[in-house]
Amino acid sequence: MEVGLAYLTASQSTSSPLCFSNRNSFINKNHLLLPVSSDTSTTISVCSKRRKPICVKASKSSFNANTARQTLASNWDVEKFSSFANSAPTLPKFEELDTTNMLLRQRIIFLGSQVDDVTADFIISQLLFLDAEDPKKDIKLFINSPGGSVTAGLGIYDAMKLCKADVSTICLGLAASMGAFLLSAGSKGKRFCMPNGRVMIHQPLGTAGGKASEMSIRIREMSYHKIKLNKILSRITGKPLEQVEVDTDRDNFMNAWEAKEYILDCCPNNF
Numbered sequence: 422m423e424v425g426l427a428y429l430t431a432s433q434s435t436s437s438p439l440c441f442s443n444r445n446s447f448i449n450k451n452h453l454l455l456p457v458s459s460d461t462s463t464t465i466s467v468c469s470k471r472r473k474p475i476c477v478k479a480s481k482s483s484f485n486a487n488t489a490r491q492t493l494a495s496n497w498d499v500e501k502f503s504s505f506a507n508s509a510p511t512l513p514k515f516e517e518l519d520t521t522n523m524l525l526r527q528r529i530i531f532l533g534s535q536v537d538d539v540t541a542d543f544i545i546s547q548l549l550f551l552d553a554e555d556p557k558k559d560i561k562l563f564i565n566s567p568g569g570s571v572t573a574g575l576g577i578y579d580a581m582k583l584c585k586a587d588v589s590t591i592c593l594g595l596a597a598s599m600g601a602f603l604l605s606a607g608s609k610g611k612r613f614c615m616p617n618g619r620v621m622i623h624q625p626l627g628t629a630g631g632k633a634s635e636m637s638i639r640i641r642e643m644s645y646h647k648i649k650l651n652k653i654l655s656r657i658t659g660k661p662l663e664q665v666e667v668d669t670d671r672d673n674f675m676n677a678w679e680a681k682e683y684i685l686d687c688c689p690n691n692f
């Protein structure tokens, strides 16, 4: 675009209000439109009687369509500023906004909800990924869960035992029912509980309804899960099966010190 310079001033006489009803009332002999020369030094006088000049300047750079604009899509281009010319973009990456992904980079898995099929699939996929990435580094599983599905919890338990890497379990808040079972399933010597954490163990819970044959099927399945969990818990803790059956007959709440004597390896004074 060419560069031009124009001076426009108001006439000495008081002009009447402009009327836009027709072209003749808007353009009169005192308003002359002359072409602007390509020479930058050209000055155009629109009227011989001028008092307060108004300078309007235009430059090529201000109307250059190819000039880089600072937009979000271009990561706020700062090429015009020499001090930031070589700096890296400051906008965070999408994965950096997800706390789960950032914890996964530190080999940390957080179970902070009820154990169901969806949660179990998510935890299992994270365990398998971290174990495949580096089987020599520990995986930290933080637990704050009220428990949940027995079958979903056993799926997580099998994935923990399948991993070549050691899985360290830490209780934050409450580890109850299946949450306590997963807490005890950590690698030996790496099962911890924070000083204010609570651990609760009990036998499987469930309901049965419908026909008598259907109820007997449900009761038989619950009895199977009860025996299975008690055997695993007895093997983990080293306690007799009869004692585990008595301890899990009702809700059995334990603080960090009591849990250390039963199923854990931690000493709260170390935290």
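In this text, residue positions in the sequence shown follow the numbering used here: the first is 422, and each later residue adds one. Even for Gly, the Cβ is constructed at its ideal location relative to N, Cα and C.
To the nearest angstrom, report how far apart Ile560 and Ile545 are at their CA atoms.
So the alpha carbons of these two residues sit roughly 12 angstroms apart.
Using the DSSP secondary-structure output, state which residues sit across from Gly659 in a beta bridge.
Gly659 pairs with nothing; no bridge assigned.
Helix, strand or coil: how does DSSP classify Gly594 here?
Three-state DSSP puts Gly594 in a strand.
In the DSSP assignment, what are the bridge partners of Asn673?
Beta-bridge pairing links Asn673 to Ile622.
Using the Cβ count rule (16 or more neighbours within 10 Å means buried), how would you classify Asn651?
Result: buried.
Taking only the alpha-carbon atoms, compute the straight-line gap between Ile529 and Lys558 and give it to the nearest angstrom.
About 11 angstroms.
Assign Pro556 to one of two classes, buried (16 or more other C-beta atoms within 10 Å of its C-beta) or exposed (fewer than that).
Label assigned to Pro556: exposed.
Could you give the DSSP three-state label for Lys582: helix, strand or coil?
Here Lys582 sits in helix by DSSP.
Determine the direct distance from the alpha carbon of Ala601 to that of Ile653, and round the result to whole angstroms.
About 12 angstroms.
Take Gly576 and list the residues in its own chain whose beta-carbon comes closer than 7 angstroms to its own, dropping the five residues that flank it on each side.
These residues qualify, in order along the chain: Ala541, Ile545.
Measure the C-alpha to C-alpha separation of Leu626 and Gln664 and round it to an integer number of angstroms.
Each residue's alpha carbon lies about 19 angstroms from the other.
Just the Cα atoms here: how many angstroms apart are Lys698 and Gly574?
The structure shown does not extend to residue 698, since the chain is modelled only from 422 through 692, so no value can be given for it.
What did DSSP end up calling Leu685 once you bin it into helix, strand or coil?
It is coil, neither helix nor strand.
Should the segment 665-685 be regarded as contacting the segment 607-614, the criterion being three or more beta carbon pairs within less than 8 angstroms?
They touch, by the three-pair rule.
With C-beta atoms as the reference, is Phe563 less than 9 angstroms away from Leu525?
Cβ distance not < 9 angstroms, so Phe563 and Leu525 don't count as in contact.
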